[in-house]
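Residues 1 to 340 in the UniProt record's numbering are what the sequence shown lists, from first letter to last.
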Amino acid sequence: MEALMRVLAAKKREISAVQEKKHGKKDKYLRRAEVESLLGEEQEKREASSKKRKLEDSTAAQQEQETTAGEEELQEEEAESLLSWPDMRRRLRELAEPITLFGEDMKARMVRLRRAEIDAATRHEDDLGAGHDIRNRFVGGDGGEQRDRADDAAEDAEEFEAEDRSGRKSRSKKEDADAQAEEQDADKIVYKFFKGMLQRWEKDLASRPDHVKRTAQGKIAVKTMKQCKDYIRPLFKLCKQRQVPPDILPKLVDIVKFCRQGEFVMANDAYIKLAIGNAAWPIGVTMVGIHERTGREKINSNKQAHVMNNESQRKYLTSVKRLMSYAQSVSNVLPSKRVL
């Protein structure tokens, strides 16, 4: 009997061993060493995460310190080039900024002046770019503008080559006759004068020092020149095609002649007559009945305000006025012949 019990116990042990191997050992309780090892692993994980978090915080703080240090250095550099008090006061008044704020020193006032100048320059760029776009992108697209600029560059190169050739060779009688005929050609007179002024203006702006180009006024001057170059392109095209309106061309020739003679007051008067005119603007009823008078369109045709005709004329006449102002600025004439 005892032998049978031993055999049965051995069989049970074998069966339990096989089941443990098959399903894995599943203990209901953990030993103390296992508990301590688990606690140690959790502690190590917490320490690693805390170290990682501290490292990230330290790098962020270091970056913030570097940025603040850079801003302080920038402020110190800006404050080093302090203006005199009258100049600073004048510039702040021109920008419509308060002259001084409560608790503000000279360095803080200088930094505020620089920021106001940068803001004014960006606002002026937005006004030039958004409000006065020379090209209608819905009609012509950008391809026509690029072609026009390429044509202008090619024509400028040809003109420079022609000037070099004429400078190297002696002028003959035939060339003198051609030059006299060209002087009598009104379209070429207008084209050459304003084209030359535009190129001279562009060279003067390019020859400025770098520190002047980076200022707010320097950027505004470049923007104004580029806008003038875009606006006057239709007038140059009309001059090349000899299609300048007959009521505009003689006044443009008068403007060119007065500018060459240094009579800028008379040139300004001719420009005002061309752009604004001196005819009374009709208010109310302009004709009686349903039929127009014969030749009614010719009444006061020489007193018409051409700047109001269309947008293209308004733009190139504005560029003409800017080039007149530039010609006055580079000429050495008496103050009585200048326009204030």
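Backbone N, C-alpha and C define an ideal beta-carbon position, used for all residues, glycine too.
With a beta-carbon spacing of about 5 Å, A116 and E97 fall inside the 8 Å limit used to define contacts.
For V256, the number of other beta carbons within 10 angstroms of its own is at least 16, and it is reported as buried. I189 is positioned such that its CB atom lies closer than 7 Å to that of V253. In this structure the segment 261-281 does not touch the segment 200-214; the number of beta carbon pairs closer than 8 Å is below three. For T318, the enclosing alpha helix (DSSP H) stretches over residues E311 to V330. The C-beta of L235 has 16 or more other C-beta atoms within 10 Å across all chains shown, which makes the residue buried. Taking all protein chains in view, the Cβ of K315 is crowded by 16 or more other Cβ atoms within 10 Å, so the residue is classified as buried.
In the structure shown, D247 falls within a coil segment according to DSSP collapsed to helix, strand and coil. In the structure shown, V190 adopts helical secondary structure according to DSSP, grouped into three states. DSSP places G40 within a helical segment (H, G or I) once states are collapsed to three.
Remark: C-beta atoms of L249 and V222 do not approach each other more closely than 7 Å.
Y326 and K273 have their C-alpha atoms some 20 Å from each other.
Here R90 is exposed. Its C-beta has fewer than 16 other C-beta atoms within 10 Å. Its Cα nearest to that of M324, the residue R338 stands out among R338, P245, L55 and E34. For P234, the enclosing alpha helix (DSSP H) has its first and last residue at R233 to Q241.
Take K251, set aside five residues on each side of it, and the residues of its chain with a beta-carbon closer than 6 Å to its own are A270 and L274, in chain order. The continuous stretches of alpha helix (DSSP H) do not include F102, and DSSP gives it neither H nor E. Restricting attention to M1, S58, W201 and E47, the CA atom closest to the CA of S319 is found in W201.
Judged by DSSP in its simplified three-state form, I220 adopts helix.
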